[in-house]
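Residue numbers (this note's numbering), protein chains in the order written: chain F, 49 to 326; chain V, 19 to 374; chain S, 243 to 511.
Every residue, glycine too, gets a C-beta built ideally from N, C-alpha and C.
Shown next, in structure tokens, is the structure this report addresses.
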Amino acid sequence: MRRLRPYAVPYLLWMGLFILIPTIILIILGFTNLELYNIGVFDITLVNFSIFVQDQVVNALWNSLSYSFVTTLICFVIGYPVAYYLSTLSEKKRKILLAMMIVPLWSNMLLRIIAWEKIFTPTSIIADIFGISLDLLGTPTGVLIGMIAMYLPFMIFPIFSVLEKMDYKLIEAAKDLGASDLQTFVKVTFPLSSGGVVSGVIMTMLPAMTSFVLPARIGLGKINLIGNIIESKFMKEVLGSSGASINQGAIISLLLMVFSVISFVLITRVDKEGETLI
Amino acid sequence: MKKIVFLSIISLLMIALIGCTSKPKLYVLNWGDYIDLDLIDVFEDEYDVKVVYREVGSNEEMATLLQANSSPYDIAVPSDYMIDKLKTLGLIQPIDFTKLTHYEDLTVIPELYTLYEANGFSDYIVPYAWGTIGILYNTDNANLKPLIESVGWNALFEYGDTYDVGMYDSPRDAVAAALLYLGYHVNSEVEAELLAAENALKSANFTAWGEDNLKGLVIQGTLDMALVYSGDYFSEYYLALEDEVEINFDYFVPETTNIWVDAMVIPTSAQNLELAHKFIDFFLEYDNALQNSDYIGYAPTFEEIYDTMVNDTEYSYDFETFDPFPQGTFRQMYQYGSDSRSEALVSIIARAKASN
Amino acid sequence: MMKLSLKRKIIRIIGLSFTVLSFLMIFTPILVILVLSINASTKGYSWEGFTLKWYLELFQKDVMREPIMNTLVIAFASTIIATVLGTMFAIGINALEKKKRIQMMVINNVPVVNPDIVTGISLMIVFSLLSFTLGYYTVLIAHVFFSIPYVVLSIMPRLKKLDPNLYEAGLDLGCSRISGVFRVILPNISTGIISGALMAFTMSIDDFIITYFTSGAEYMNVSTWLYATLSRGRSFTPAAYAYNIIIFAITIAIILFVNLKRDRKEKTV
């Protein structure tokens with residue numbers, strides 16, 4: 049197989065181009081006054097960090113952390129039993145149910161958000177037809193339900209894939225040795241599935257933290273996450289000779305990268321090659 | 019396996035085909051559903067070109083696309099204050115009016131012309147549509163109409179505890195509404211006035227900050243009233259007529275308000291100046307201008323078109339709600355102002371949103 | 243013993259009810275989209291009667307044709323390119339010694355773990371540095387970029403199970419390096435390749451954020467088109483719901499078909 053090693057080389061170059069270079073540029077943008085769309089001389093400065101004292105940014109950061117934390121927690125509480133249950137089914141049922149869980153992901157995300165908007169409007173079409181009248185637009189509960197529904201599959205898949213591959217002989221062995229169901233679960237099953245849990249947490253938390261359409265629509269613009277700030281910095285406020293908004297956006301993006309790096313450290317602890325990520 | 023290879027080749031060919039046409043291209047940057055696409059087809063046939071039409075959701079996005087120079091746009095349709103800014107940034111160029119053979123035949127509505135001439139960009143634009151900002155309210159509650167008509171802007175800022183009020187999630191419009199409510203000019207740069215506006219936005223207790231979704235929220239009764247563009251009202255009004263549903267909303271314009279104007283401009287990135295002028299001229303041709311204005315349904319910017327749409331029985335648009343600038347009212351048009359003011363506006367609504 | 247089985251029953255019931263709850267949460271929006279797609283009202287504020295006109299509009303009017311075509315073409319093309327490249331890279335990575343392999347996998351996982359918004363901005367920056375005109379090709383590159391890691395991830399476990407001697411044996415029997423890959427390796431990892439391709443397709447067809455940051459004037463997919471019409475556009479049409487339901491129906495049909503076919507095969511064997 050050694051002869052096939054060259055196949056990996058272009059990948060390294062490709063990833064270097066699209067990961068390393070932009071990261072370096074983001075760092076430069078974040079710590080200088082370089083103008084992305086008008087590249088020229090620049091000075092090193094820490095002025096872009098001033099955004100971290102702005103109320104709206106602090107507020108968005110706090111919202112991002114708290115909403116993504118609660119979303120992830122609830123997704124885990126719901127998702128783990130689901131993954132466990134699915135893994136106990138026959139192969140045929142398992143495959144169909146799993147497929148059924150993937151199919152909705154092919155539905156457009158924005159349309160699904162509009163759908164939740166309708167569900168949370170008390171006098172909407174949903175009330176007309178199903179007689180269900182929920183008034184959750186603009187509330188934290190509404191945003192959380194929307195986020196959980198959006199990201200739940202990403203918690204279930206990794207945990208399921210670990211549980212599915214688990215060697216049941218180990219569990220039987222534990223039971224043969226006299227462990228109770230609970231003991232078996234706590235001492236054997238759960239530790240063996242921890243890789244999936246970590247992946248699930250990461251795949252739920254990071255997207256939840258950075259979503260920007262969902263909070264803007266379901267939260268009626270009152271609940272802003274860090275994603276809303278980044279979008280605004282890169283796509284809506286770019287004007288002006290200072291160009292500072294992109295540099296501020298770069299700083300926030302770098303902060304998100306810190307979260308990614310932490311995630312990486314966690315993942316490589318339990319699952320070196322990240323096989324449980326999907 | 020063979021099938022897969024075959025399919026792959028077909029798809030790759032499709033991409034290659036879609037990616038390139040030999041015809042010259044005209045890049046147009048506009049709002050969604052803001053032009054009659056049938057007319058674009060006619061234009062494409064007439065001049066044997068391909069019009070690449072990009073829709074955006076905000077002036078800022080439009081400006082970002084022009085500034086990023088990601089594509090060589092030949093035509094854009096930004097609004098007043100953004101035209102002002104694009105001009106200062108040197109991102110748009112003066113229009114060569116001698117190339118517009120139909121411009122002579124039409125007269126820009128004088129009140130509108132005066133407003134934008136005062137802003138100093140009359141050489142750079144051909145106005146496209148104009149209107150106001152005002153209050154959209156739900157008429158199911160009979161108390162709202164007399165209230166809003168008697169107190170005007172105060173309705174948005176002083177009745178947040180009694181009613182559900184929505185505010186436009188756009189720095190310039192939200193702050194303008196607050197300034198108008200306080201009796202200041204929409205372009206105020208006075209720090210104390212901006213601070214007062216911020217406090218008004220903070221204490222107004224809005225139920226929602228939104229964009230396009232505000233009108234739907236009002237019509238569905240989630241909100242009682244909201245700040246919207248006149249265009250928001252018109253589009254809902256026409257849709258309700260089309261769907262033949264009951265109209266349970268109305269639009270009120272206080273005596274003093276902001277006038278917005280969207281206009282065709284030619285970015286400096288334009289690769290095809292000749293064609294860009296032809297495009298503008300095409301939409302100035304009387305029949306085309308009429309058809310396009312009828313399609314988009316906003317107030318047309320030329321007297322001749324305006325008169326036809328209001329008086330001709332074939333169109334008979336409602337004069338009362340149609341005229342953005344009736345006699346005896348006061349209108350103010352946005353200017354870009356300084357960069358620091360723009361940044362201040364962004365921070366003001368960000369803080370106001372965080373505190374609501 | 244009775245007590246134990248009762249406990250198991252309770253666990254099963256919890257698992258089952260949470261599964262039902264999950265499916266409810268995931269499918270409710272789809273149901274709402276279905277309702278909106280057959281509702282006569284344009285804005286969908288209320289139920290105005292049954293209609294199929296939005297489905298007809300999808301085929302008759304131009305409004306959504308371009309975004310839909312763009313979405314599908316990019317989804318198919320990026321899936322094919324990403325699957326081919328991803329398979330090649332995975333085979334290469336698998337052949338590396340352990341330490342290097344782990345390093346490559348960490349790099350591979352960067353786009354998977356990174357929030358989409360960071361990936362989108364990164365790509366936008368690279369394209370702007372290279373002065374690429376944003377459009378069709380940049381979106382294609384972007385989609386290939388974020389799809390490859392999923393393909394690699396789906397294939398790696400299969401490759402690891404593969405006996406390395408098999409390939410060497412193939413070579414000894416006179417296969418060239420490339421035909422060895424085709425004859426020995428690919429048939430053994432085909433399920434991984436298929437599920438990788440499926441992942442890539444799933445990622446591409448629903449992508450909004452990365453496309454939003456990397457598309458210029460000439461390219462608009464369903465998501466970016468929707469986003470523009472949602473903020474200040476008025477061109478929104480329930481045909482968008484109809485499109486979504488059609489895609490949904492096709493995928494369900496494919497899944498049922500594949501499953502039925504497999505069943506029949508199993509029965510006849």
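Quiz item: DSSP on K265(V), reduced to helix/strand/coil?
Solution: Checking the sequence shown, residue 265(V) turns out to be Ile, not Lys. Coil.
Quiz item: Just how far apart, CA to CA, sit L327(S) and I253(S)?
Solution: Pairing L327(S) with I253(S), the inter-Cα distance amounts to about 44 Å.
Quiz prompt | E290(S) and S283(S) closer than 8 Å at C-beta | solution = Yes, the Cβ-Cβ distance between E290(S) and S283(S) is below 8 Å.
Quiz item: Which residue's Cα is closest to the Cα of Y379(S): P429(S), L413(S), N336(S) and A319(S)?
Solution: The shortest Cα separation from Y379(S) among P429(S), L413(S), N336(S) and A319(S) belongs to A319(S).
Exercise. Assign G78(F) to one of two classes, buried (16 or more other C-beta atoms within 10 Å of its C-beta) or exposed (fewer than that).
Key: By the beta-carbon neighbour count (other beta carbons within 10 angstroms, threshold 16), G78(F) is buried.
Exercise. Tell me whether M462(S) sits in a helix, a strand or coil according to DSSP, three-state version.
Key: Taken through DSSP and simplified to helix, strand or coil, M462(S) comes out as coil.
Practice problem: Establish whether the CB of G275(F) and some CB of chain S are separated by less than 8 Å. | Solution: Yes, G275(F) lies at the interface with chain S (some Cβ there is under 8 Å from its Cβ).
Quiz prompt | Beta carbon proximity, Q350(V) to chain F, threshold 8 Å | solution = No Cβ of chain F is located within less than 8 Å of the beta carbon of Q350(V).
Quiz item: Starting from Y71(V) and walking both ways along the beta strand (DSSP E), at which residues does that stretch end?
Solution: From DSSP, the beta strand (DSSP E) with Y71(V) extends over K68 to V74.
Practice problem: For N205(V), name the three-state secondary structure that DSSP assigns. | Solution: Correct three-state label for N205(V): coil.
Exercise. Please decide whether K143(F) counts as near chain S, where near means a Cβ-Cβ distance under 8 Å.
Key: By this cut-off, K143(F) is an interface position.
Exercise. Would you mind reading off the limits of the alpha helix (DSSP H) that contains I363(S)?
Key: Start and end: D358 to L371.
Quiz item: Would you call the CB atoms of Q345(V) and Y287(S) closer than 8 Å?
Solution: No; because the gap between Cβ atoms is not below 8 Å, this pair is not in contact.
Exercise. Look at the alpha carbon of L377(V) and the alpha carbon of E122(V), and state the distance between them as a whole number of angstroms.
Key: Coverage of chain V is limited to positions 19 through 374, which leaves residue 377(V) absent and any answer about it impossible.
Exercise. Pull up the DSSP beta-bridge partners for R349(V), would you.
Key: T275(V), per the DSSP bridge assignment.
Quiz item: Sorted by chain position, which residues of the same chain lie with C-beta nearer than 6 Å to Y186(V)'s C-beta, five sequence neighbours on each side aside?
Solution: Excluding sequence positions up to five before and after Y186(V), its CB lies within less than 6 Å of the CB of A192 and L245, all in the same chain and listed in chain order.
Quiz item: Can you tell me where the alpha helix (DSSP H) with I153(V) in it begins and where it stops?
Solution: Element bounds for I153(V): not the alpha helix (DSSP H) but the beta strand (DSSP E), V144 to N156.
Quiz item: Taking Cβ-Cβ distances below 8 Å as the criterion, which residues of the stretch 117-143 of chain F are in contact with chain S?
Solution: Hits within the stretch, in order: I126, G127, P129, V130, Y132, Y133, L134, T136, K140 and K143.
Quiz item: Just reading off the beta strand (DSSP E) that K43(V) is part of, what are its end residues?
Solution: K43 to W49 is the span of the beta strand (DSSP E), which, as asked, contains K43(V).
Exercise. Determine the contact status of L300(S) and A484(S), defining contact as a CB-CB distance below 8 Å.
Key: Closer than 8 Å, so yes.
Practice problem: Verify the CB distance criterion: does V271(V) have a CB-CB separation below 8 Å to chain S? | Solution: It does not; no Cβ of chain S falls within 8 Å.
Quiz item: Which residue from L146(F), N81(F), R50(F) and I87(F) puts its Cα closest to that of I268(S)?
Solution: When each option's Cα is compared against that of I268(S), the closest is L146(F).
Exercise. Assign A195(V) to one of three DSSP states: helix, strand, or coil.
Key: A195(V): helix per DSSP, three-state reduction.
Quiz prompt | Outcome for S155(F) when other beta-carbon atoms lying within 10 angstroms are tallied against a minimum of 16 | solution = With a threshold of 16 other beta carbon atoms within 10 Å, S155(F) meets it and is buried.
Self-check item: CB contact check: A482(S) to chain F, cutoff 8 Å
Solution: So yes, A482(S) belongs to the interface.
Quiz item: Given a limit of 8 Å on CB to CB distance, which residues of the stretch 301-321 of chain S reach chain F?
Solution: Closer than 8 Å at the C-beta level to chain F, one finds no residue of the stretch 301-321 of chain S.
Quiz item: Quick one, which of K270(F), L84(F) and L268(F) has its alpha-carbon nearest I363(S)'s?
Solution: Cα-wise, what sits closest to I363(S) is L84(F).
Quiz item: Is the stretch 101-116 of chain V touching the stretch 136-156 of chain V in the sense that three or more CB pairs, one from each, lie closer than 8 Å?
Solution: They touch, by the three-pair rule.
Quiz prompt | 6 Å Cβ shell around V210(F) - same chain, five flanking residues per side excluded | solution = In the same chain as V210(F), and ignoring 5 residues on each side of it, the C-beta atoms closer than 6 Å to its own belong to S241, G243, G244 and T324, in chain order.
Quiz prompt | Within 8 Å, strictly: CB atoms of Y269(V) and L154(V) | solution = In this structure, the beta-carbon distance from Y269(V) to L154(V) falls below 8 Å.
Quiz prompt | CA nearest to the CA of Y481(S), picked from I496(S), M398(S), I316(S) and V464(S) | solution = In the sequence as presented, Tyr is not what sits at residue 481(S); that position holds Ala. Comparing alpha carbon positions, the residue from I496(S), M398(S), I316(S) and V464(S) closest to A481(S) is V464(S).
Exercise. Taking only beta-carbon positions, decide if S172(F) is within less than 8 Å of chain V.
Key: Yes, its Cβ sits closer than 8 Å to a Cβ of chain V.
Practice problem: Would you decide whether F348(V) is buried or exposed? Buried here means 16 or more other CB atoms lie within 10 Å of its CB. | Solution: Looking at its Cβ environment, which holds fewer than 16 other Cβ atoms inside 10 Å, F348(V) is exposed.
Quiz item: Which residue comes first and which comes last in the alpha helix (DSSP H) that contains G127(F)?
Solution: First-last of the alpha helix (DSSP H) with G127(F): D103 to T136.
Quiz item: On the three-state DSSP scale, how would you describe F478(S)?
Solution: Three-state DSSP puts F478(S) in coil, outside helix and strand.
Quiz prompt | Continuous alpha helix (DSSP H) assignments of at least 4 residues falling wholly in the stretch 279-349 of chain S | solution = As far as the stretch 279-349 of chain S is concerned, its whole alpha helix (DSSP H) runs of at least 4 residues are 295-302 and 307-337.
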